[in-house]
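Numbered per this note's numbering, the sequence shown spans residues 2 to 258.
Below is one structure, written out as structure tokens; comments come after it.
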Amino acid sequence: MSNIISSVARALDVLLYINSHKDPVGISTISKDMGIYKSTVFRTLATLEDRHFVQQDPETGKYTLGVSLFSMANKITLYDVFVPFVKELNLEFKETVNVSMLDRTTSGPYQSVVVVKEDAVDNVLSVSPQVGSKNDCYCSSVGKSLLAFSSDISNETLKKYEFQKYSPNTISSYEELVAELAKVKRDGYSLDNEEQEIGLICVGVPVFNKKGEAIAAMSVSGPSQRIQHINIENVVTRLKQVASEITELVQTSSRIK
């Protein structure tokens, strides 16, 4: 036992405690149930949050597991589910396909994190985020799907975006974003129509968990002419079909949270 690092053990115990609870938990509850000083719990959670192993709800102050743990778990759960579908879509459309998850933070606005990706063979896009990279949700198709179909999105956090104009088509205000998310929710899919880069279109759809909330979003992206030649409606239809199959697997699998 002399080789055990107490602070590491405590952090792991806190993660296991949070994982054992269905609902988010607060510092006082963790402190009381685990017999740890509140100040120690606070510092432990702050460290874990800095590395995205936990995330705090900015409105309730309570904690849930973070995107880093989900990304690690994807290698044996969600990752295994998504990969064959992503490869299939990549071969079918011969365009870039990626799957992203939502990263919630208290220090800034929502971002999407790429967890699975297959590039087009002749990928000529300058905007082509790699696995593990993050992107503001307001200007990406996957980000919009994640925001539109997650029930716990904070308006105050949405207002933290700086709304950088990457192109004339980029959303430039909170009001525009809210209107866009309402449209995404109504249509069941999202678009980045040359918002990050002129000449690039990205089509995205949500993938739902057992609670019917977006656990991830997947997209097909490519040069505008090629995507329009394929027909955006055809891409949407196929993406929705694949997302529905993945959603069914996620909802019926006992291994996937």
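Beta carbons: idealized from backbone N, C-alpha and C, even for Gly.
Rounded to whole angstroms, the separation of the alpha carbons of S32 and Y38 is 6 Å. In the structure shown, the three-state DSSP call for Q197 is coil. By the neighbour-count criterion, in which a residue is buried when 16 or more other Cβ atoms sit within 10 angstroms of its Cβ, R52 is exposed. Taken atom to atom, the span from the alpha-carbon of I199 to that of L90 is near 24 Å.
By the 16-neighbour rule on beta-carbons within 10 angstroms, A180 is exposed. The three-state reading of DSSP puts T171 in coil, since its state is none of H, G, I, E or B. Per DSSP, G67 lies in no alpha helix (DSSP H) segment and is marked neither H nor E. Across the structure, I231 and G144 are spaced so that their CA atoms are roughly 23 Å apart.
Here DSSP, grouped into helix, strand and coil, assigns I6 to coil.
Boundaries of the beta strand (DSSP E) around G223: A215 to P224. In the DSSP assignment, E60 falls outside any beta strand (DSSP E), carrying neither H nor E.
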